[in-house]
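So in full-length UniProt numbering, spot 449 of the sequence shown is number 449, and the numbers just go up one at a time.
The structure appears below as structure tokens.
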Amino acid sequence: MAGNSLVLPIVLWGRKAPTHCISAVLLTDDGTTIVTGCHDGQICLWDLSVELEVNPRALLFGHTASITCLSKACASSDKQYIVSASESGEMCLWDVNDGRCIEFTKLACTHTGIQFYQFSVGNQREGRLLCHGHYPEILVVDATSLEVLYSLVSKISPDWISSMSIIRSHRTQEDTVVALSVTGILKVWIVTSEISGMQDTEPIFEEESKPIYCQNCQSISFCAFTQRSLLVVCSKYWRVFDAGDYSLLCSGPSENGQTWTGGDFVSADKVIIWTENGQSYIYKLPASCLPASDSFRSDVGKAVENLIPPVQHSLLDRADKELLICPPVTRFFCGFKEHLHKLLIQGDSSGRLNIWNVSDTPDKQEELKMTTSISLQEAFDKLNPCPAGIIDQLSVIPNSNEPLKVTASVYIPAHGRLVCGREDGSIIIVPATQTAIVQLLQGEHMLRRGWPPHRTLRGHRNKVTCLLYPHQVSARYDQRYLISGGVDFSVIIWDIFSGEMKHIFCVHGGEITQLLVPPENCSARVQHCICSVASDHSVGLLSLREKKCIMLASRHLFPIQVIKWRPSDDYLVVGCSDGSVYVWQMDTGKNKLFSSLSTKNYLNVLSFAVTVPNTLG
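Right, dumping it as structure tokens:
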């Protein structure tokens with residue numbers, strides 16, 4: 001808010017849905033909303049009807065890195081709060097009802113799993129988030145403020161935690177946190193309401209530490225039906241343990257050499273285990289695993305190969321065999337939504353959600369049919385009228401239903417202009433507000449030819465890959481200059497006011513992937529340059545004042561992942577995907593190669609960093 005004006009962000013996706021490579025899945029307690037996080041950092045809210053029909057409702061922006069895990073953050077029926085975590089250590093608290101980000105924090109560690117824990121203090125109920133990840137402890141975080149309160153740590157063999165589960169006790173005030181480390185050590189902590197209510201307390205040490213020889217653990221699940229069993233899923237086998245003394249009750253191998261990625265209890269006598277290729281298997285447990293059976297624990301003490309094996313009951317498989325760029329994410333959810341529902345929800349790299357209703361598994365072995373399947377793109381295709389792009393009315397192709405694709409864009413608030421690069425190499429400059437009105441509001445303006453007023457720049461021979469308005473980043477640059485990079489290996493300087501091409505750089509041997517601005521405290525000569533990165537693993541410093549390339553760093557053997565600067569020493573530092581680091585002196589072009597062993601330490605001492613994306617937009 002500035003004075004009496006309100007700045008309202010508007011997103012026009014066009015006919016092509018945004019990418020949504022799903023990395024995490026969650027179903028809210030009321031069973032009405034599916035939440036998916038993706039590798040791009042966005043979160044999508046999908047409405048789920050009683051008939052299990054799914055429709056995307058909102059896309060939430062708040063993270064700058066891949067979403068690693070999702071969890072509910074409130075047990076109240078009138079509040080639907082969730083928490084998300086990303087690879088960069090960010091945590092966001094969201095209101096699912098309206099999509100607001102209520103709280104944000106960033107820690108110096110990456111969470112790979114979060115579980116919500118609620119306890120009573122007098123007549124009040126408070127929530128905690130138990131987090132584990134790339135650190136040798138479990139962090140206990142306040143579910144409202146996202147503040148770290150205390151931690152659960154190990155005296156014996158401290159290590160990263162692969163997975164954990166919370167066992168609630170209905171007989172005592174003590175609850176149990178069971179976790180498995182990456183080395184296969186089972187850890188047990190006792191948590192009481194007194195401990196949970198404390199803040200800034202000393203670390204809580206484990207009550208028990210026991211090797212159970214489960215390597216590459218993918219998940220741990222507590223059986224809510226019997227309150228007695230633990231399911232541990234590892235990559236090549238899964239096992240059921242007695243939650244009382246952690247004795248082994250049952251074990252099952254992987255199917256056809258596949259890799260297990262998780263599992264859960266479907267009922268007291270059935271478990272569902274899923275693989276990295278999207279298949280899920282339901283197994284019926286032997287009587288020795290059931291507390292209600294007379295033969296319960298009859299196999300305790302036997303070797304794994306002598307245990308009564310489980311029986312495969314059902315198979316759940318993806319209907320489409322589309323080749324995916326990464327394994328799908330599968331989760332099982334059990335809860336009440338007018339009646340008891342048991343849903344297996346799977347999200348994949350194409351932005352597709354698959355749902356199986358496993359509430360009533362048949363007695364005989366058979367394949368369960370998928371109940372619902374929808375992708376973000378299919379939801380876009382069903383919309384009528386079709387979703388509008390920002391300059392569709394200026395991108396009509398004769399004899400084609402599809403407009404020219406926008407491949408790069410930059411918004412310039414100071415001039416109220418939007419600049420869009422297109423797949424044919426042209427660049428369109430339009431007034432941002434008038435252009436949005438054309439798409440969002442109906443009226444006479446829609447009938448005007450060539451509306452809104454625009455300017456077309458032509459100079460690239462193929463797709464425009466990136467745009468930069470340097471004056472928007474730093475006032476030291478001429479406000480007339482607009483910079484574009486293309487798939488034709490060229491970088492062009494444009495006069496944004498006259499539309500004139502001022503200069504073209506042809507120094508790279510690959511398409512331009514990014515355009516960057518050096519920091520303020522570089523040398524006077526470098527301050528009038530922009531940095532260009534290309535797909536041939538080269539980096540250039542292009543002088544806008546001298547109209548020439550003052551340095552071309554082109555000896556990198558692997559794709560460039562990060563650019564860093566050390567202005568005090570006149571260094572430009574390039575980090576590559578193989579872990580190597582090249583240090584270039586900007587004025588002379590001399591370089592020094594650091595091995596991957598010293599990469600991390602060297603990059604950490606540098607002051608200014610820009611991450612280079614792996615793929616083009």
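For glycine and all other residues, C-beta sits at the position ideal for the given N, C-alpha and C.
Which one or two residues does DSSP pair with residue i in a beta bridge?
i: Thr142; result: Note that residue 142 is Asp in the sequence shown here, rather than Thr. Paired residue(s): Arg128.
i: Glu137; result: Glu137 pairs with nothing; no bridge assigned.
i: Tyr237; result: Pro253
i: Ala179; result: Met164, Lys187
i: Leu457; result: Ile427
i: Tyr246; result: Partner(s): none; Tyr246 has no beta bridge.
i: Ser209; result: Lys187
i: Met551; result: Leu541
i: Leu343; result: Phe333, Asn357
i: Asp47; result: Thr33, Asn55
i: Cys466; result: Gly485
i: Ser120; result: Arg125
i: Gln115; result: Leu130
i: Thr192; result: Glu174
So the beta strand (DSSP E) residue i belongs to, where does it begin and stop?
i: Asp95; result: 90-95
i: Lys106; result: 101-106
i: Ser71; result: 67-72
i: Gln218; result: 217-222
i: Arg228; result: Run containing Arg228: none; DSSP gives neither H nor E here.
i: Ala58; result: 54-60
i: His503; result: 501-505
i: Cys529; result: 529-534
i: Asp495; result: 491-495
i: Gln514; result: 512-516
i: Ser395; result: Where Ser395 is concerned, there is no enclosing beta strand (DSSP E), given that its DSSP letter is neither H nor E.
i: Thr275; result: 270-275
i: Arg417; result: 417-422
i: Leu316; result: 311-316
i: Leu482; result: 481-486
i: Asp264; result: 260-267
i: Leu149; result: 148-153
i: Ile82; result: 81-86
i: Ser409; result: 406-412
i: Lys284; result: 280-284
Residue range of the alpha helix (DSSP H) that residue i falls in?
i: Leu376; result: 376-381
i: Val473; result: 470-473
Can you tell which of the options has its C-alpha closest to the C-alpha of residue i?
i: Val464; options: Thr433, Ser498, Ile427; result: Ile427
i: Phe489; options: Val233, Ile496, His508; result: His508
i: Val96; options: Ile34, Pro309, Thr259; result: Ile34
i: Tyr281; options: Asn401, Trp356, Ala58, Cys74; result: Trp356
i: Trp584; options: Asp578, Ser577, Pro559, Ile550; result: Ile550
i: Thr372; options: Trp494, Val358, Leu515; result: Val358
i: Trp189; options: Ser568, Glu207, Thr183, Leu146; result: Glu207
i: Lys502; options: Gln514, Leu542, Lys547; result: Lys547
i: residue 637; options: Val410, Asp587, Lys564; result: Residue numbering for the chain in the displayed model covers 1 to 617; residue 637 lies beyond these limits and cannot be assessed.
i: Ser157; options: Leu249, Lys210, Val141; result: Lys210
i: Cys21; options: Leu60, Thr28, Ala379, Gly351; result: Gly351
i: Lys72; options: Phe558, Gly14, Gly113; result: Gly113
i: Cys101; options: Val581, Gly62, Ala408; result: Gly62
i: Ile67; options: Arg57, Ser49, Gly37, Cys44; result: Gly37
i: Ala379; options: Arg15, Gly133, Ile10, Pro9; result: Arg15
i: His111; options: Gly127, Pro136, Leu230; result: Pro136
i: Leu457; options: Ser577, Ile397, Ser484; result: Ser484
i: Gln312; options: Val539, Ile272, Leu344, Trp494; result: Ile272
i: Val473; options: Val430, Ile530, Ser86, Trp260; result: Ile530
i: Asp536; options: Ser554, Pro385, Ala17, Tyr237; result: Ser554
i: Gln434; options: Pro453, Asp40, Cys109; result: Pro453
i: Ala408; options: Ile429, Ala143, Ser288, Cys506; result: Ile429
i: Asn462; options: Ala475, Gln439, Trp494, Gly425; result: Gly425
i: Gly99; options: Phe558, Val50, Ile43; result: Ile43
Run the proximity test for residue i: is its beta-carbon closer than 8 Å to any non-hydrogen atom belonging to the ligand PLP?
i: Ser359; result: Ligands are entirely absent from the displayed structure, and the ligand PLP is therefore not among its contents.
*Along the chain, which unbroken stretches of the beta strand (DSSP E) at least 3 residues long are found entirely within the UniProt repeat "WD" (553-594)?*
DSSP runs (the beta strand (DSSP E)) wholly in the UniProt repeat "WD" (553-594): 560-566, 571-576, 581-585, 591-594.
- prompt: If we count Cβ pairs, one from each stretch, closer than 8 Å, do we get three or more for the region 451-469 versus the region 477-492?
  reply: Contact between the region 451-469 and the region 477-492 is present, with at least three C-beta pairs closer than 8 Å.
### Any 3 or more C-beta pairs closer than 8 Å across the region 514-522 and the region 495-505
Because the criterion of three Cβ pairs below 8 Å is not met, the region 514-522 and the region 495-505 do not touch.
Across the region 110-121 and the region 145-152, are there enough close Cβ pairs to call them in contact, namely three or more that are closer than 8 Å?
Flag = no, the region 110-121 and the region 145-152 do not touch.
Would you check if there are 3 or more beta carbon pairs closer than 8 Å linking the region 101-113 to the region 81-93? Between the region 101-113 and the region 81-93, the count of C-beta pairs closer than 8 Å reaches three or more; the two stretches touch.
4 or more residues per run - each alpha helix (DSSP H) lying fully within the region 11-45:
Counting only runs that start and end inside the region 11-45, there is no alpha helix (DSSP H) element of at least 4 residues.
Below 8 Å, can you find three or more Cβ-Cβ pairs linking the region 375-390 to the region 74-88? Below 8 Å, too few C-beta pairs join the region 375-390 and the region 74-88 to call them touching: fewer than three.
* Asked: Are the region 367-382 and the region 284-292 in contact at 8 Å, needing three or more beta carbon pairs?
  -> Remark: fewer than three beta-carbon pairs, one from each stretch, lie closer than 8 Å, so the region 367-382 and the region 284-292 are not flagged as touching.
Validate contact between the region 314-332 and the region 233-245 using beta carbons, cut 8 Å, 3 pairs
Using a Cβ-Cβ distance cut-off of 8 Å, the region 314-332 and the region 233-245 are not in contact, since fewer than three pairs of beta carbons, one from each stretch, lie closer than that value.
Original post:
Is it a yes or a no for the region 260-277 touching the region 296-309, going by three-plus beta-carbon pairs under 8 Å?
Top reply: Contact between the region 260-277 and the region 296-309 is absent, because fewer than three Cβ pairs lie under 8 Å.
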